[in-house]
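Undergrad: In the order they appear, the protein sequences are chains A and B. Heads up: the first sequence begins at -14 in our numbering, then just goes up one per residue. Heads up: the second sequence begins at -14 in our numbering, then just goes up one per residue. Note that beta-carbon positions come from the ideal geometry of N, C-alpha and C, so glycine has one too. This one's a predicted model, so the numbers in the text were calculated from it and none came from an experiment.
There are 2 protein chains.
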Amino acid sequence: MLDFAEHELLAQVAAMYYVEELTQDAIALQLGLSRIKIYRLLKQARAEQVIQFTVNWPVQRTPDVELQLCRGFGLREAFVLKPSSSDRTHALARVGQLGARFLEQTLRDGMTLTVCLGRSTFEVIHAVRPGFQGRVSVVQAVGSMALATPGLDSASLTRELAAKLGGAAQYLAAPMVVDSIGAAEMLRSQRDVQRPLELARQADVALVGVGNLDPATSEFAKAGYLSADELTRIRQAGGVGDISGQIFTADGAAYTGGFNERVIGLRLEDLRTIPTVISIAVGAAKTEAILGALRTGVLDVFCTDLDTAAALLQLAHRPTTFLDRERL
Amino acid sequence: MLDFAEHELLAQVAAMYYVEELTQDAIALQLGLSRIKIYRLLKQARAEQVIQFTVNWPVQRTPDVELQLCRGFGLREAFVLKPSSSDRTHALARVGQLGARFLEQTLRDGMTLTVCLGRSTFEVIHAVRPGFQGRVSVVQAVGSMALATPGLDSASLTRELAAKLGGAAQYLAAPMVVDSIGAAEMLRSQRDVQRPLELARQADVALVGVGNLDPATSEFAKAGYLSADELTRIRQAGGVGDISGQIFTADGAAYTGGFNERVIGLRLEDLRTIPTVISIAVGAAKTEAILGALRTGVLDVFCTDLDTAAALLQLAHRPTTFLDRERL
DNA sequence: TATATTTTTGTGCAATTGCACGGTTTTTGT
DNA sequence: ACAAAAACCGTGCAATTGCACAAAAATATA
Chain A
-14 MLDFAEHELL AQVAAMYYVE ELTQDAIALQ LGLSRIKIYR LLKQARAEQV
36 IQFTVNWPVQ RTPDVELQLC RGFGLREAFV LKPSSSDRTH ALARVGQLGA
86 RFLEQTLRDG MTLTVCLGRS TFEVIHAVRP GFQGRVSVVQ AVGSMALATP
136 GLDSASLTRE LAAKLGGAAQ YLAAPMVVDS IGAAEMLRSQ RDVQRPLELA
186 RQADVALVGV GNLDPATSEF AKAGYLSADE LTRIRQAGGV GDISGQIFTA
236 DGAAYTGGFN ERVIGLRLED LRTIPTVISI AVGAAKTEAI LGALRTGVLD
286 VFCTDLDTAA ALLQLAHRPT TFLDRERL
Chain B
-14 MLDFAEHELL AQVAAMYYVE ELTQDAIALQ LGLSRIKIYR LLKQARAEQV
36 IQFTVNWPVQ RTPDVELQLC RGFGLREAFV LKPSSSDRTH ALARVGQLGA
86 RFLEQTLRDG MTLTVCLGRS TFEVIHAVRP GFQGRVSVVQ AVGSMALATP
136 GLDSASLTRE LAAKLGGAAQ YLAAPMVVDS IGAAEMLRSQ RDVQRPLELA
186 RQADVALVGV GNLDPATSEF AKAGYLSADE LTRIRQAGGV GDISGQIFTA
236 DGAAYTGGFN ERVIGLRLED LRTIPTVISI AVGAAKTEAI LGALRTGVLD
286 VFCTDLDTAA ALLQLAHRPT TFLDRERL
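1) If you follow the alpha helix (DSSP H) that B/A266 is part of, which residue opens it and which one closes it?
2) Does the Cβ of B/D227 lie closer than 8 Å to at least one heavy atom of the ligand SAH?
3) Taking 9 Å as the cut-off, decide whether the C-beta atoms of B/A278 and B/I228 are in contact.
4) At a CB distance below 8 Å, what residues from the stretch 32 to 44 of chain B approach chain A? Give them in sequence order.
5) At a Cβ cut of 8 Å, what residues of the stretch -2 to 11 of chain A count as close to chain B, listed as they run along the chain?
6) Starting from A/I36, trace the beta strand (DSSP E) in both directions and tell me its first and last residue.
7) Thinking C-alpha only, which one of B/Q155, B/L83, B/R56 is nearest B/V100?
8) Quick check on the burial criterion: 16 or more other C-beta atoms within 10 angstroms. Buried or exposed for B/G230?
9) Check the Cβ of B/R114 against every Cβ in chain A and list those closer than 8 Å, keeping chain order.
10) What does the alpha-carbon distance come out to for the pair A/T106 and A/A222?
11) Given a cut-off of 9 Å, decide if B/A78 and A/A30 are closer than it, judged by their beta-carbon atoms.
12) Does DSSP put A/E170 in a helix, in a strand, or in coil?
13) With a cut-off of 9 Å, does the C-beta of A/E(-7) fall near any C-beta of chain B?
14) Could you tell me how far apart the beta carbons of A/T217 and B/P115 are, in whole angstroms, since I believe they sit closer than 8 Å?
15) Rounded to whole angstroms, how far is the Cβ of A/V315 from the Cβ of A/T97, which I believe are closer than 8 Å?
16) Spatial neighbours of A/N245 within its chain, please: CB distance less than 8 Å, with the 5 preceding and 5 following residues excluded, ordered by chain position.
17) Starting from the C-beta of B/V127, find all residues in its chain whose C-beta is less than 8 Å away, skip the five residues before and the five after it, and write them out in chain order.
18) Could you round the C-beta distance between A/V35 and B/N41 to whole angstroms and report it? I think they count as a contact, below 8 Å.
19) What are the boundary residues of the alpha helix (DSSP H) that B/V123 is part of?
20) So, at 7 Å on beta carbons, what are the nonlocal neighbours of B/A188 in its own chain, with the 5 sequence-adjacent residues on each side left out?
21) Can you find a CB in chain B that lies within less than 9 Å of the CB of A/E51?
22) At a CB distance below 8 Å, what residues from the stretch 91 to 115 of chain B approach chain A? Give them in sequence order.
23) Could you tell me which residues DSSP pairs with B/F107 in its beta bridges?
24) What residue ranges within the stretch 76 to 104 of chain A form continuous beta strand (DSSP E) runs of no fewer than 3 residues, ordered along the chain?
25) With a threshold of 8 Å on Cβ separation, who are the neighbours of B/A133 within its own chain once the five nearest residues in sequence on each side are excluded?
26) Going by beta carbon distance, what residues of the same chain come within less than 6 Å of A/L308, once the five residues before and after it are set aside?
27) Please report the straight-line C-alpha distance between A/V65 and A/L297, rounded to a whole angstrom.
28) From which residue to which residue does the alpha helix (DSSP H) around A/V50 run?
29) Quick one: is A/H(-8) buried, meaning 16 or more other Cβ sit within 10 Å of its Cβ, or exposed?
30) Going along the chain, which residues of the stretch 225 to 238 of chain A sit with their C-beta nearer than 7 Å to a C-beta in chain B?
31) Would you report the Cα separation of B/D290 and B/R93, rounded to the nearest angstrom?
32) Throw me the rounded Cβ distance for the B/L60 and B/L52 pair, which I believe falls under 8 Å.
33) Measure the C-alpha to C-alpha separation of A/V314 and A/D177 and round it to an integer number of angstroms.
34) Just to confirm, are A/G152 and A/S122 a CB contact at a threshold of 9 Å?
35) Look at the alpha carbon of B/K149 and the alpha carbon of A/L211, and state the distance between them as a whole number of angstroms.
36) Taking the alpha-carbon of B/P43 as reference, which of B/A32, B/K22, B/E170, B/K67 has the nearest alpha-carbon?
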């Protein structure tokens, strides 16, 4: 952690460089430091997010589609980003920004936020701007997944978010999935697991992602929690995606094939009691999973882009492949 | 105004340069533009605030002093910034940031904000970060003052703020002060003056500054609205400062020497009906003016730094110089 | 249509920045 | 106390950036 005087200096230098547009030499002269030192302080200021760059994308939302989503899935609020012509790379980042703005507006002093980690929530967390926000405590909603990408792990994300929101971080020191139901129960009865879970249950806002079960892209597969075979079996038994590690079926019911019980984290019914559950999800590959997620009824607010929203509405209005098969 | 595609391009380039840390050459190559063009786009992106630099100062507030201010002056909320050791230059900027964060938290979709222009409100407006905020309309609360500093004039500030808050701007096309009460009444009866004033009166939030009447520093003097002589006369008649061009006395009563009636803008009683009136003021020189402002009872939220707060509390707890004189 | 005027674009160069490397000081462990 | 490790610091140079100036294109004006 940064101490006050250091932080002060970084901020000072960053302000002079980026806001006042002084050269590194000029700053060095004024502060009586060497030019190279200023260079290094600037680098650190960026690394420590003492200076933040906010790109103000031209946001074009699509109110008509948002309304359709709200009505169709009983959402309190939906945000649908109109995609830019060329730019695909930043799609998730921009939707994340949308979600981050909503969070910033929603969170008030003294609130508690619980977070499930993933690509999308990662983007939201990054897009949250540091600054006065009262004190918001952050609680990890689900155990840690051993992700390939470093800096994307639960603990560091929880910490980053807590730092930005000026509150305390509460970690859930447990793996996301354990081998047996027995082990899960044992783990859940531990004080250090029970307490954060209880806090998470009573959170005011939850930020969750939607995972899919495609062997090629699923985070479960990447983390080695589920083999391709197991994934296929779960899919055949009706599972289409997960929220907070809880797998659900196409019609939004909890999957009953015996996986969910082995996950350490908030369950779907826990999420239902949280006043505001916000989710961000983008991607054609995820359509089926997202549709199931929306049908669970645990989401209150949903952010996506136009492509995904259109795919969702289209898929919702015609029989699923599963029903198709039954009908034949 | 920027059109969508332009804005998009600026954002794209700014993101690549500042967030992804690519060189201008690399960006030029990827987008098929010349290096110099990228350089110019970056410059424009900064000028148009498509990219914004947020310096995350280490904020240390002083809750005990804040409480004293709240109690002593009937404020709903007070923010007092603990000053940094060395840095005096950024004092106002940092307090402005504090005010901006409060505004960002307070404003909701569809609200109306009214603004009086000045050094302090300028800082707040600059510190407001662009981004999704619903739509907040901005109304100019007081006529335009011919200020020396360009870019600090009412119209451009109102525009900048409206752009950041994603809402419409409503200008008040009138001078701040006119020569006679008759002229003021005539002007106020004009449709184009009446309408914005009516909107301003019904605003949800007002952002105001506190002006002082010291001939050397007063904005009135700088703008040529009041001569040093006139200022001295007003001070002798009890005036100590102004909010929105309305001069008040040390005990917070409206000044009755016939200046306020010539000002085109919100009056103190108009501000009283606005649910949230927030003010930012810093500086030892302004202590007397700020004390009077707090005593008018129109302020709900007040931001300042520790030095100023301490001076205020000290001054409030002992007889004013004016009373001293009476007592002798 | 020819000409003036503004705007846009690119070249060349000087200023500024990023960083590898080696030296110095401070910290840590024994 | 001593050595090893780590953190810190500044020089020199190559890469990058900022910008003045001129050419070219677009636009307005007569």
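TA: Walking through what the data contain:
1) No alpha helix (DSSP H) holds B/A266; DSSP gives it neither H nor E.
2) This structure simply doesn't include the ligand SAH, nor any ligand for that matter.
3) Yes, the pair counts as a contact, with Cβ atoms nearer than the cut-off.
4) Sequence-ordered contacts of the stretch 32 to 44 of chain B with chain A read Q34, V35, I36, Q37, F38, T39, V40, N41, W42, P43, V44 [C-beta pairs closer than 8 Å].
5) Residues A(-1), A0, Y3, V4.
6) DSSP places A/I36 in the uninterrupted beta strand (DSSP E) bounded by 36 to 40.
7) Relative to the Cα of B/V100, the nearest Cα in the group B/Q155, B/L83, B/R56 belongs to B/Q155.
8) Looking at its Cβ environment, which holds 16 or more other Cβ atoms inside 10 Å, B/G230 is buried.
9) T39, R114, G116, listed in chain order.
10) For the pair A/T106 and A/A222, the Cα-to-Cα distance works out to about 28 Å.
11) No, Cβ-Cβ distance for A/A30 and B/A78 is not below 9 Å.
12) Helix at A/E170.
13) It does: the Cβ of A/E(-7) has a partner Cβ on chain B nearer than 9 Å.
14) Rounded to whole angstroms, the Cβ separation of A/T217 and B/P115 is 47 Å, and the two are not in contact under 8 Å.
15) No answer is possible for residue 315 of chain A: it lies beyond the span of chain A, which begins at -14 and ends at 313.
16) G230, Q231, I232, A239, R252, listed in sequence order.
17) Apart from the 5 residues on each side of it in sequence, B/V127 sits with its Cβ closer than 8 Å to the Cβ of C101, L102, S139, L157, M161, S229, G230, V248, I249, G250, L251 in its chain, given in chain order.
18) Right, their Cβ atoms sit about 5 Å apart.
19) In the DSSP annotation of this structure, B/V123 is not part of any alpha helix (DSSP H); the continuous beta strand (DSSP E) holding it starts and ends at 122 to 125.
20) Non-local beta-carbon contacts of B/A188 in its own chain, meaning distances under 7 Å to residues more than five positions away in sequence, involve T97, L98, T99, V124, I259 in chain order.
21) Taking 9 Å as the threshold, the shortest C-beta distance from A/E51 to chain B does not fall below it.
22) Only R93, R114, P115 from the stretch 91 to 115 of chain B bring a Cβ to less than 8 Å from some Cβ of chain A.
23) Under DSSP, B/F107 shares a beta bridge with no residue.
24) 97 to 100, all fully within the stretch 76 to 104 of chain A.
25) Low per-residue confidence applies at B/A133: pLDDT is 48, beneath 50, and the placement is therefore not dependable enough to give any value.
26) The predicted model places A/L308 with a pLDDT of 46, which falls under 50 and marks its position as unreliable, so this point remains unresolved.
27) Distance between the alpha carbons of A/V65 and A/L297 is about 12 Å.
28) Residues 48 to 58.
29) A/H(-8) counts as buried, since at least 16 other C-beta atoms from the protein chains shown sit within 10 angstroms of its C-beta.
30) Answer set for the stretch 225 to 238 of chain A: empty.
31) Taking the straight line joining both Cα atoms gives about 27 Å.
32) Their Cβ separation, rounded to whole angstroms, is 10 Å, which puts B/L60 and B/L52 out of contact at 8 Å.
33) Here chain A covers residues -14 to 313 and nothing more, so residue 314 of chain A does not appear.
34) Yes; because the gap between Cβ atoms is below 9 Å, this pair is in contact.
35) Looking at the backbone, the Cα of B/K149 and that of A/L211 are separated by about 46 Å.
36) If we check each option's Cα against that of B/P43, B/K67 comes out closest.
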